[in-house]
Amino acid sequence: LEKFGNWDEDVASSYNNIGCTLTGQGKYEEAIKMHEKALEIQLETLGNRHQHVAESYNNIGSALDGQGKHEEAMNMHEKALEIRLDKLGNRH
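Under our numbering, think of the first position of the sequence shown as 2, with each following residue one higher.
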């Protein structure tokens, strides 16, 4: 954090990786917090239509799904899909 600061994409990537590991361990609440930290950095540094933002929404959705919060999970997955369709098109 000293080298890059709190608002670097590499820091966001690390938060996302930690979140994925926590999801794999079934620690969904902790995972969501890590993914939300990543998302906050990404929104600030990359904007709201970037592929990495979509990835974070997807990861949050996966953790929510693990908690049985399926409607909230679906909302996150739909946000991710919207960004991906916008960036990649529907034939990608």
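C-beta: ideal position from N, C-alpha, C; glycine also. These numbers come from a predicted model, not from an experiment.
Item to check | Nearest-angstrom Cα separation, counted from K38 out to K88 | outcome: Indexing the sequence shown from 1 puts residue 88 at position 87. Indexing the sequence shown from 1 puts residue 38 at position 37. Cα to Cα, K88 sits roughly 23 Å from K38.
Checklist entry - Do G69 and T24 have their C-beta atoms within less than 8 Å of each other? => result The residue you call residue 69 lines up with position 68 of the sequence shown. The residue you call residue 24 lines up with position 23 of the sequence shown. No.
Checklist entry - Three-state secondary structure (DSSP) at H51? => result Here residue 51 is taken as the residue at index 50 of the sequence shown, counted from 1. Note: H51 maps to coil in three-state DSSP.
Checklist entry - Would N49 be called buried (16 or more neighbouring beta carbons within 10 Å of its own) or exposed? => result Residue numbering aside, residue 49 sits at position 48 when the sequence shown is read from its first letter. N49 is exposed by the Cβ-count criterion.
Checklist entry - Is the beta carbon of Q43 less than 8 Å from the beta carbon of H53? => result On the sequence shown, residue 43 is found 42 positions in, with the first residue counted as 1. On the sequence shown, residue 53 is found 52 positions in, with the first residue counted as 1. Less than 8 Å separates the beta-carbon of Q43 from that of H53.
Checklist entry - Is the distance from the Cβ of A13 to the Cβ of A55 below 8 Å? => result As a position in the sequence shown, residue 13 is number 12, starting the count at 1. As a position in the sequence shown, residue 55 is number 54, starting the count at 1. Against a cut-off of 8 Å, the Cβ pair of A55 and A13 comes out as no contact.
Item to check | Which listed residue (L86, G62, T46) has its alpha carbon closest to that of A32 | outcome: The residue labelled residue 32 in the question sits at position 31 within the sequence shown. Checking every option, the nearest Cα to that of A32 belongs to G62.
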